[in-house]
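Notes follow the structure.
Residue numbers (the UniProt record's numbering): 1 to 224.
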């Protein structure tokens, strides 16, 4: 093995026999710190203090809040918010329903999933993931979707048409029952046989005479 002289940079590696490279200093670390400091300075120059606006910040916060409602982990709050918006659209419609018709009741129930009930059999819920309104109906054969839409105004229009159709159908049914009742009362009166008053009186007189004759015969036989 050769001894290293004063002019050599490093001794030979005893395992490989190769000379060791000179160790690098902290030049790379210092360069990274300088670049990071320059980035922060550039951002500060890009957004000077005078350009900040609270109004813009509030607007941005509202937009972010709306996005969080769409993507929030608590999906139930988003469903209730959408159903409450639909309820507000339908309140004026339900106020026009006749007072004697108690089938319809606009009620928002915070169940899981949340439901906006229209009547005893139909309700509106929000579809998972799609944020769409589902107009559902319960029947003996199970649940079925009557309508699906992501537009609140369109959904309110379809529900209004449904309520109107149900009211007309009930009016038609009640009119049919009333007509059938009038007919059932009028037909027996027309077909009812007339009672012969003269025959009734004659039968009554014959009955009295027969009774009197029988009574007279019984008395006569008892005397004789």
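Note that CB positions come from ideal geometry on N, CA and C, so glycine has one too.
Quick caveat, the model's predicted, so the values are computed rather than measured.
Check	Outcome
Whole-number beta carbon distance between residue 123 and residue 149, since they are thought to touch under 8 Å	The Cβ separation is near 15 Å, so there is no contact.
Pairwise C-alpha distance: residue 158 and residue 127	17 Å
Option nearest residue 129 by Cα separation, candidates 162, 85 and 113	113
Residue 100 to residue 162 span [Cα, whole Å]	18 Å
Interface flag, residue 130 vs chain D, CB-CB below 8 Å	Considering every chain present, this structure includes no chain D. It has just one protein chain.
Buried or exposed by the 16-neighbour rule on C-beta atoms within 10 Å, applied to residue 82	buried
Whole-number beta carbon distance between residue 121 and residue 144, since they are thought to touch under 8 Å	That belief does not hold up - the Cβ atoms of residue 144 and residue 121 are roughly 11 Å apart, past 8 Å.
Sheet register partners of residue 107 (DSSP bridge)	117
For residue 142, the first and last residue of its enclosing beta strand (DSSP E)	142 to 149
C-beta atoms of residue 106 and residue 118 nearer than 8 Å	yes
Three-state secondary structure assigned by DSSP to residue 55	helix
Residue range of the unbroken beta strand (DSSP E) whose run includes residue 137	133 to 139
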